[in-house]
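A.B. asks:
Protein chains: 4
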Amino acid sequence: MPNQVPSLRIALIGHGFMGAAHSQGWRVAPRFFDLPANPQMSLLVGRNAAGVEAAAETWGWAETATDWREAIQRDDIDVVDIVTPGNSHAEIAIAALEAGKHVLCEKPLANTLEEAAAMAAAAERASGKAQAMIGFTYRRVPAAAFARELVLSGAIGQVRQVRAAYLQDWLRDADAPLTWRLQKEHAGTGALGDLGAHAVDLSQFITGQKVTGVSGMLNTFVDQRPLAAGGSERGEVSVDDAALFTARFDGGAVGSFEATRMATGRKNSLRIEVSGSTGAISFDLENYNSLGFYDATAPGDRQGFANIMVTEPEHPYLSAWWPTGHALGYEHGFVHQAKDFVEAVAAGRQPLPSFADGHHVQRVLDGVVRSDQNNNAWVATD
Amino acid sequence: MPNQVPSLRIALIGHGFMGAAHSQGWRVAPRFFDLPANPQMSLLVGRNAAGVEAAAETWGWAETATDWREAIQRDDIDVVDIVTPGNSHAEIAIAALEAGKHVLCEKPLANTLEEAAAMAAAAERASGKAQAMIGFTYRRVPAAAFARELVLSGAIGQVRQVRAAYLQDWLRDADAPLTWRLQKEHAGTGALGDLGAHAVDLSQFITGQKVTGVSGMLNTFVDQRPLAAGGSERGEVSVDDAALFTARFDGGAVGSFEATRMATGRKNSLRIEVSGSTGAISFDLENYNSLGFYDATAPGDRQGFANIMVTEPEHPYLSAWWPTGHALGYEHGFVHQAKDFVEAVAAGRQPLPSFADGHHVQRVLDGVVRSDQNNNAWVATD
Amino acid sequence: MPNQVPSLRIALIGHGFMGAAHSQGWRVAPRFFDLPANPQMSLLVGRNAAGVEAAAETWGWAETATDWREAIQRDDIDVVDIVTPGNSHAEIAIAALEAGKHVLCEKPLANTLEEAAAMAAAAERASGKAQAMIGFTYRRVPAAAFARELVLSGAIGQVRQVRAAYLQDWLRDADAPLTWRLQKEHAGTGALGDLGAHAVDLSQFITGQKVTGVSGMLNTFVDQRPLAAGGSERGEVSVDDAALFTARFDGGAVGSFEATRMATGRKNSLRIEVSGSTGAISFDLENYNSLGFYDATAPGDRQGFANIMVTEPEHPYLSAWWPTGHALGYEHGFVHQAKDFVEAVAAGRQPLPSFADGHHVQRVLDGVVRSDQNNNAWVATD
Amino acid sequence: MPNQVPSLRIALIGHGFMGAAHSQGWRVAPRFFDLPANPQMSLLVGRNAAGVEAAAETWGWAETATDWREAIQRDDIDVVDIVTPGNSHAEIAIAALEAGKHVLCEKPLANTLEEAAAMAAAAERASGKAQAMIGFTYRRVPAAAFARELVLSGAIGQVRQVRAAYLQDWLRDADAPLTWRLQKEHAGTGALGDLGAHAVDLSQFITGQKVTGVSGMLNTFVDQRPLAAGGSERGEVSVDDAALFTARFDGGAVGSFEATRMATGRKNSLRIEVSGSTGAISFDLENYNSLGFYDATAPGDRQGFANIMVTEPEHPYLSAWWPTGHALGYEHGFVHQAKDFVEAVAAGRQPLPSFADGHHVQRVLDGVVRSDQNNNAWVATD
């Protein structure tokens, strides 16, 4: 970690499991990448004083606070990194941007379209002074970033079809308790916002095309769950267990999407297959270090989906890491995110994905909700 | 082939590649299965005299004719097996049933919903005298039949989600010529009827649930194609290159469906994954001899999709074939179909899938077309 | 089956499960391939009159006999196809060749090296008048034949390493009964001769290199088994449960080999991976219709094992069968074997693999036995 | 990182890529695991002053030195962590142990059997005062550790067969330059010591059985390589490109082993399949987060290799990390190694694998070399 580069003092707001992931990103990035600024783990913010102090000690944050406004007010904070639940994102992010802080905000941008729009507007106003980025971390999975490279380089020709699904199964059991993630007032939507947001963003990232409209349906398989684990009292699940939708993209492609936390046996399977006129790519987050690539321009008898180990120095982010063939994992996305964010901020460049990108994903998700409420009828999202 | 059983004299109408497959089914079934009746390859019918004679010699049919009515009129024909294009199915099948012949008719039942309805009605009228079956052969793939066994036995609990896709890529190349399969007047629809029909039937077969409604869209990526290979003159493609739809089933499940002949790199991938409350199955026709099965009741640290080689004597149809682990292939579905048909006919039992089943699949496909024409709005199909 | 070509009248000696496979080969080959001679299923020979008559009826053989000498003596038999246990091969095959019959003999060529040598000599003497072929049917699996094409075309460069294993598990259970296959006097060896023979032949076929020496070991895990299923009396297992050996090839490659019928969970996994200087191929019989191919001359970031569906018309044998992507299975190897045999015989050409090839494989297996008896020391096999 | 626990002051000797991995292990372990002592990254040692200072800054070591003896002499160092080339291990490790420092030493323990023996003896003498561990990090891959759990719990019954291979391909190209790793005087052996050592250790770890004897061969495919990349002058390769051997284990199992850096297309494929009397496990380091498990006691029609995602909280090490289904990678093995080492040292317990374990692996490798020199004849290694 070179001394001669300037420091970038971070305040992290929130300390759930996402806080651990972001902390690891800030800690590790400067050890493997040659960064133009030096991230300092300065301030950890959480409402519970004891909890935040314990987390700060475990994760290595220098100071703590119990009110996020402190991070905004202090002059010695350059970046506000937000990992709180979605319904608090707008207030914090807008205040931070207005105070001239750079902002990294976890997805979803917000729980409502209105808040998301306000955040994108705030980012637009701050532009040039403070940068804002939304944390669709899966863009930083090397195999996903390489998929984009292949597609944008023309390796699969004209993009025609996207089949995207984000499948988990941790709500499979009908006796899993009713948490805030299953209540509309706290979470907005269920699998749609939690997982569908990733599927939409990553599909757009890989194809370079934007979703212009959707038709979809939401379904709740288990509509009552125990209020507490093992308890007999039950409350209503007010969000979707599964979201299924079809989409059109601005480049002419069509896509099918699915998001669910009840796909028994699928633990973290974010799958995206893109069919093009001369090739195809196939990605699955459960196979973190590989990418399927089909080249329809190869000799006819030698064509097949190649299982590319995305662990070569030529692949995105890989030259900083281990010898060929050595696996990376989930948290590396956060390391790469920290790197990309620092580089953009240091260069005075808009980091991607922007709040505008996040706002657009929110419009797509909102389109699905409205389509579901209107007999699956088509909803434009551009 | 025991002499003491009665003969079942077959007339095959049509001699394209499906004729080869059906011929192989009739030829091979009695060599491996102990059948209650002996199929005789009696009469092959085709409009071109020279063509049908050559095919009869190659495939081993005793006689030929150039008019299908001959098969209906002859007393020495017990079964009419129809493998002509879909627009001729209704006329032949109804005439055969009215003449008291048993009928095996390739899918799709017909190109129009009206014809399909008429065929189902004719089968209903003939019931007890003559049996009618539609050839959704993939029900006879051992892995698919075993998937149904697992699901119906409760091995995956309550069925919640179906993700079904039938992906091929032989129309990927925009210069592939315009054949009858790409013209609405001959084929009705494109990938929807050709491939989507299989996906719908097989999903229903495996889950034991019926589709009650759909919302969908059709898309044509290449709307002009050469009239002949290598030619410069082009004509209009009037059917879909891709069909995407969502569905609800009568048992409470939801499903996503896709059918396309432009999924680059996928050669014959009919994939069906079914998520249940306590397990899941995963089928892909490209892995003909295996089935994925996830048992969520196993110890938590030992759960995973098991890759079951469906080649054990306990598996459907397998006891008649080779030692454990020895692969079957595409044509075995036709052998099993011949066996099942002969057994049902000999027992005076309705063979499955019935014309009514075929008619219902047709209603689902028609629902997709109407939804596509109406902004993806929901269409009931029950 | 064109009438204008000459007939080739077959006598099949033996009617176990291999008889069913060979029968299917003779029956089906002329229905899909345009053969220069017409195989006639003329005579089925078995020692038990009732058994052989039932089999002939089931499989469609015109006549039966209870003494193989009848097949040799009859003028109206052109081909003797031998599927009896290995200890009878030499006598039958040599007599047939001396009588001017063409011979197809199942592997292993014989149980002893002496008999194998005598058979190869007899084939050499008959050469020009009668053709002799050994039935290493897996050479006719399209993916294996295509692997050879790739390797011999230079697609993987210089062949360096072979890793070959033939894994089954039907003897896993220590209570599986003691059959003739587990007794040295009947079977010669255990997994070595049964499965190792295939691994050696297929490795040599794919690489085009011959094994020049071996070092190996045999092991018996279960040395006593019930004389009958469920019985308490036990007899000694006198053959190997597993054979492991290393080898050198005449082109400079080295190889590791394993053969076992106790590889729990592997049903019929004949795996061969060949590493070359510029590429690699990976074959597994359990994935009958696909082949792995790695091209190290592709751009560095796009290399990966391609899963080639060996179901394209360009692939070996495939143009005779179904549309792209439609699976073949175990018995197709026997159909292809029948085709290749008929074509070679009709052309007066040596069909491959020859008895000399079979004799060489036997020398390799014998080398493993001798190495095992001598502390694993190296044994030359060329 | 709790303040109340004692510190454990580390000196790292060496700063190649293994230094980066060990540094990451020490840095990250206390952030995710609740350790009984607090590892301090105190001193980094390297012969080149500028190089070691740059590395210390990048990796976060407090001080540097250019002579490893400084680490031994300083009172404020508790642990000596050795990642230098193998020919320096003995001198450093023995001196450190004699000075009462705990030692973690990268594999191979040493380049010669004599040095390895001396190290094991030194560890034995120091026992009780200072702990010594060898860094076979792959034991800390969760899927490998879980494989051991399964096997030792009896989940696969009696262990019968091991098939182990460590395949890489970075020496595939005959024009890759001649480095110290290809020269006997520096590296001892080639693929055998570099990769074979891991295959032997991990096989023994998973099965709980020790190798008692081997028979093997070494081979060099490219015996001359450029002295420098792109240069025309060539030098002799004096180590093996491939090592193939068979082995027997003290529990009655047999095994086949292969190690090579020329298995084209295999990047980091350490594969171990273990067949037992009632089940099997299948591990491949290229699929870092999953393990194959076959349970032969399941119902006959439901058996298959289950692809277990080893990412559940019940799995080894996983409860400290991310939600279910989220991938770990290569460096996590070093984090787990740091954790296990710290825990053992703090408890005054022998950390595993011990120097005696490392010495035994060395004896096995030496056995392969001697067998190769003596016509593959059997060599006892216990």
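Quick note, the sequences are listed as chains A, B, C and D, same order.
The UniProt record's numbering numbers the first residue of the first sequence as 1 and each following residue consecutively.
The UniProt record's numbering numbers the first residue of the second sequence as 1 and each following residue consecutively.
The UniProt record's numbering numbers the first residue of the third sequence as 1 and each following residue consecutively.
The UniProt record's numbering numbers the first residue of the fourth sequence as 1 and each following residue consecutively.
Glycine is no exception: its CB is placed at the ideal position from the N, C-alpha and C atoms.
In three-state DSSP terms, what is Ala259(C)?
C.D. replies: strand
A.B. asks: Smallest Cα separation from Ala56(A): which of Arg27(A), Ile156(A) and Gly157(A)?
C.D. replies: Arg27(A)
A.B. asks: Measure the alpha-carbon distance for Ala191(A) versus Arg148(D) and round it to whole angstroms.
C.D. replies: 36 Å
A.B. asks: Could you pull out every residue in the same chain whose Cβ sits closer than 6 Å to the Cβ of Ser7(A), ignoring the five residues on either side in sequence?
C.D. replies: Asn38 and Gln40
A.B. asks: Closer than 8 Å between beta carbons: that is the criterion. Which residues of the region 202-226 of chain D meet it against chain C?
C.D. replies: When C-beta distances to chain C are compared with 8 Å, the residues of the region 202-226 of chain D below that value are Ser215, Gly216, Met217, Asn219 and Phe221, in chain order.
A.B. asks: Spell out whether any CB of chain A is found under 8 Å from the CB atom of Pro2(D).
C.D. replies: Any reading at Pro2(D) is ruled out, since the residue's pLDDT is 49, under 50, leaving its predicted position unreliable.
A.B. asks: Check for me: the beta strand (DSSP E) holding Gln224(C) runs from which residue to which?
C.D. replies: Gln224 to Pro226
A.B. asks: In terms of DSSP beta bridges, what is Gln40(A) paired with?
C.D. replies: Arg9(A)
A.B. asks: Ala380(D) to Ala247(C), Cα distance in whole Å?
C.D. replies: 21 Å
A.B. asks: Between the alpha carbons of Asn374(D) and Asp372(C), how many angstroms are there, rounded?
C.D. replies: Near 15 Å, if we compare the C-alpha coordinates of Asp372(C) and Asn374(D).
A.B. asks: Using only alpha-carbon positions, find the residue among Gly358(B), Val79(B) and Asp34(B) that is nearest to Ala197(B).
C.D. replies: Gly358(B)
A.B. asks: On a CA-only basis, which of Val159(A), Lys129(A), Ala306(A) and Ala62(A) is nearest Ala11(A)? Give me that one, please.
C.D. replies: Ala62(A)
A.B. asks: Where does the unbroken beta strand (DSSP E) through Thr278(D) begin, and where does it stop?
C.D. replies: That residue, Thr278(D), is in no beta strand (DSSP E); it is neither H nor E in DSSP.
A.B. asks: Given that Glu314(B) touches chain D, what residues does it touch there, using C-beta distances under 7 Å?
C.D. replies: Gly300 and Asp301, listed in chain order.
A.B. asks: Contact between the region 220-234 of chain A and the region 168-183 of chain A is defined here as three or more beta-carbon pairs at a separation below 8 Å; is this criterion met?
C.D. replies: Here the region 220-234 of chain A makes contact with the region 168-183 of chain A; the two share three or more CB pairs at distances below 8 Å.
A.B. asks: Can you list the residues of chain A that Pro323(D) reaches, using a CB-CB cut of under 7 Å?
C.D. replies: Phe17
A.B. asks: Could you tell me how far apart the beta carbons of residue 403(A) and Phe249(A) are, in whole angstroms, since I believe they sit closer than 8 Å?
C.D. replies: Because chain A here runs from 1 to 382, residue 403(A) falls outside it and cannot be looked at.
A.B. asks: For Ser88(D) and Leu150(D), I'd like the C-alpha separation in whole angstroms.
C.D. replies: 37 Å
A.B. asks: If you measure from the beta carbon of Trp59(D) to each beta carbon in chain F, is any gap under 8 Å?
C.D. replies: The question asks about chain F, but that chain is absent: this structure's protein chains are A, B, C and D.
A.B. asks: Are Pro323(A) and Phe146(D) close, meaning C-beta to C-beta below 8 Å?
C.D. replies: no
A.B. asks: For Gln168(B), write down the residues that DSSP places opposite it in a beta bridge.
C.D. replies: According to DSSP, which records beta bridges pairwise, Gln168(B) is partnered with nothing at all.
A.B. asks: Counting Cβ pairs, one atom from each stretch, are 3 or more of them under 8 Å apart for the region 325-338 of chain A and the region 277-288 of chain A?
C.D. replies: Taking 8 Å as the limit for Cβ pairs, the verdict is that the region 277-288 of chain A does touch the region 325-338 of chain A.
A.B. asks: Taking all protein chains shown into account, decide if Gly348(A) is buried (16 or more other Cβ within 10 angstroms of its Cβ) or exposed.
C.D. replies: exposed
A.B. asks: Please check if any C-beta of chain A sits within less than 8 Å of the C-beta of Tyr166(D).
C.D. replies: When Cβ-Cβ separations below 8 Å define contact, Tyr166(D) makes no contact with chain A.
A.B. asks: Classify Arg160(D) as helix, strand or coil using the three-state DSSP reduction.
C.D. replies: strand
A.B. asks: Using the Cβ count rule (16 or more neighbours within 10 Å means buried), how would you classify Thr66(D)?
C.D. replies: exposed
A.B. asks: Against Ala259(B), what residues of chain D qualify as contacts under a CB-to-CB distance less than 8 Å, listed in chain order?
C.D. replies: The premise fails here: Ala259(B) is roughly 28 Å from chain D at the closest Cβ pair, so nothing lies under 8 Å.
A.B. asks: Secondary structure at Ser203(B), three-state DSSP: helix, strand or coil?
C.D. replies: helix
A.B. asks: Beta-carbon of Ala143(B) versus every beta-carbon of chain C: anything under 8 Å?
C.D. replies: no
A.B. asks: Any contact between the region 133-143 of chain B and the region 234-243 of chain A? By contact I mean 3 or more CB pairs, one from each, below 8 Å.
C.D. replies: Not touching, per the Cβ criterion.
A.B. asks: Run through DSSP, which three-state label would Arg47(D) get?
C.D. replies: coil
A.B. asks: Just the chain D side, please: which residues come within less than 7 Å of Ala320(B) by C-beta, in chain order?
C.D. replies: Within chain D, no C-beta atom comes less than 7 Å from the C-beta of Ala320(B); the nearest is roughly 16 Å away.
A.B. asks: So what does DSSP say about Asn87(A), is it helix, strand or coil?
C.D. replies: helix
A.B. asks: Could you name the residues of the same chain whose beta carbon sits closer than 8 Å to that of Phe205(C), not counting the 5 residues immediately before and after it, in chain order?
C.D. replies: Phe136, Arg139, Ala144, Arg148 and Pro353
A.B. asks: How about the region 308-320 of chain D and the region 266-273 of chain D: do they share at least three Cβ pairs that are nearer than 8 Å?
C.D. replies: no
A.B. asks: Exposed or buried, Ala49(A), counting other C-beta atoms within 10 Å across all chains shown (16 or more means buried)?
C.D. replies: exposed
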